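Using the UniProt record's numbering, read the sequence shown as starting at 1 and increasing by one per residue. All C-beta atoms in this analysis are idealised placements derived from N, C-alpha and C, irrespective of residue type, glycine included. These numbers come from a predicted model, not from an experiment.
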Amino acid sequence: MPPTLNQASPYDNSVAFLTDKDVLTNATNIIPPSLPAAICYGRVKDPESCVPKAWWKGVFGDNLYLQTDGDVVEDPEITREEIRLLETHEHIRSIFQSVPPSGSTEKTRILDLCCGQGRHVLQLAELYPHLELLGHDQSQYLIELAQSRAAVANVSDRTSFTIGDCRAIPHDDNSFSLVMVMGNSFGYFATDNANANLLKEIRRILKPGGFAVMDIPDGAYLRKNFSARGWEWIDDTMIVCRERELSKDKKRLISREVVMLTGRGVIRDQFYAECLYDLAEVHQLVRESGLIPEQREEDVEENTIGRDMSKRGEDLGMMENRHLVLVSKPLL
1 MPPTLNQASP YDNSVAFLTD KDVLTNATNI IPPSLPAAIC YGRVKDPESC
51 VPKAWWKGVF GDNLYLQTDG DVVEDPEITR EEIRLLETHE HIRSIFQSVP
101 PSGSTEKTRI LDLCCGQGRH VLQLAELYPH LELLGHDQSQ YLIELAQSRA
151 AVANVSDRTS FTIGDCRAIP HDDNSFSLVM VMGNSFGYFA TDNANANLLK
201 EIRRILKPGG FAVMDIPDGA YLRKNFSARG WEWIDDTMIV CRERELSKDK
251 KRLISREVVM LTGRGVIRDQ FYAECLYDLA EVHQLVRESG LIPEQREEDV
301 EENTIGRDMS KRGEDLGMME NRHLVLVSKP LL
């Protein structure tokens, strides 16, 4: 049995979802009200209006996410490659390798924020058993899976997980040497201010002189090169069709994902949106939050492991072109 969850209270400000009725009002093939709610909404005139205000609560709520995005989030080889890329950064490698002085019980603490099923935490726990590794995510399903996997891997003694909103992290000020935001988990909120609040929360929990690393989509690339239509076979019986368009203000990529099984038809029709930040915009948000970019924009290289390593090699969406952005908290 997995260890008991270390629960954290969700973010206090509840955010409403759009209902099925709200979505159907934007569809061109309205289903008569006497029929059950549709699983698939058909052709939609305005996908942006169909995105739930807290879309991440539904998208990451069960195992379907791991299946449809499994070519980049459930492949151990890709996880190891991402850790290797982190190790190429001198500051991050130094934190990974830091060992407490003889006689000291204090361990180097690292937080994987928006950790999902804990793949980076578990990989680091095997590679660096002297670290204290923590994960935090809003998805109870993914956190329970992370704890189950930690128990199977016999690393529960050096890993722990909490559930809650990433804007209200249940840890003390100045308590982490490194915060990681991996797997395209920055830019979910609709406004710059909301995304900057996440950076301010990271600043709060970082030790002075500590570092944060963010794996983010290359917004400048995606604005010009996103695929308006895409589809892929997940296995012999499941297919995913995706539609994408820029938001009206050109700042977000609106995505729709329709999942079908050959024997059952459509089983999921969901909408989500992510902000498209180029490096200059990210660095501006970083500075406004009180953090310091550790690299010049021209020195940040693309991280294309999704495209290069995906075994399916099909529709990767926002995971196709990414950057690793390193920032630090000023010394007091």
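Look up residue i in the DSSP assignment and say whether it is helix, strand or coil.
i: glutamate 294; result: coil
i: cysteine 275; result: strand
i: valine 73; result: helix
i: glutamate 320; result: coil
i: cysteine 50; result: helix
i: valine 282; result: helix
i: valine 325; result: strand
i: arginine 242; result: strand
i: arginine 80; result: helix
i: isoleucine 216; result: strand
i: arginine 256; result: strand
i: glutamate 106; result: coil
i: arginine 229; result: strand
i: valine 44; result: strand
i: glycine 265; result: strand
Using the Cβ count rule (16 or more neighbours within 10 Å means buried), how would you classify residue i?
i: histidine 130; result: exposed
i: asparagine 195; result: buried
i: serine 185; result: buried
i: glutamate 87; result: exposed
i: proline 47; result: buried
i: tryptophan 55; result: buried
i: glutamate 82; result: buried
i: leucine 127; result: exposed
i: lysine 250; result: exposed
i: glutamine 97; result: exposed
i: valine 325; result: buried
i: aspartate 269; result: buried
i: residue 336; result: The question about residue 336 has no answer here: the residues shown for the chain are numbered 1 through 332.
i: proline 217; result: buried
Thinking just about the alpha-carbon of each residue, which of the options is nearest to the one in residue i?
i: leucine 246; options: Asp269, Leu276, Ile267; result: Leu276
i: leucine 133; options: Phe176, Gly58, Thr105, Asp172; result: Phe176
i: glycine 58; options: Arg242, Gln138, Val44; result: Gln138
i: arginine 229; options: Gly219, Asp218, Asp215, Arg244; result: Arg244
i: lysine 224; options: Arg252, Leu324, Gln97, Asn193; result: Arg252
i: alanine 168; options: Glu74, Leu198, Thr191; result: Leu198
i: isoleucine 110; options: His136, Met238, Glu320, Leu316; result: His136
i: threonine 79; options: Arg119, Ala153, Asp165, Val152; result: Arg119
i: leucine 122; options: Ser227, Lys107, Arg149; result: Arg149
i: valine 327; options: Phe189, Asp165, Leu178, Arg242; result: Leu178
i: alanine 190; options: Lys329, Tyr272, Ala151, Asp71; result: Tyr272
i: leucine 279; options: Ile267, Val266, Gln295, Asn193; result: Gln295
i: aspartate 62; options: Pro76, Ile143, Arg93; result: Ile143
How about residue i: is its Cβ closer than 6 Å to a heavy atom in the ligand NAD?
i: glutamine 117; result: Summarising the ligand content, the structure contains no ligands, and the ligand NAD is consequently not present.
Which runs of the beta strand (DSSP E) fall wholly inside the UniProt domain "Methyltransferase" (110-210) and span at least 3 residues, in chain order? 132-137, 159-163, 176-181
Report yes or no: do the segment 150-165 and the segment 111-126 share at least 3 C-beta pairs separated by less than 8 Å? yes
Touch check for the segment 48-58 and the segment 246-260: three-plus C-beta pairs under 8 Å? yes
Taking contact to mean 3 or more Cβ pairs, one atom from each stretch, closer than 8 Å, check whether the segment 282-298 and the segment 196-212 are in contact. They touch, by the three-pair rule.
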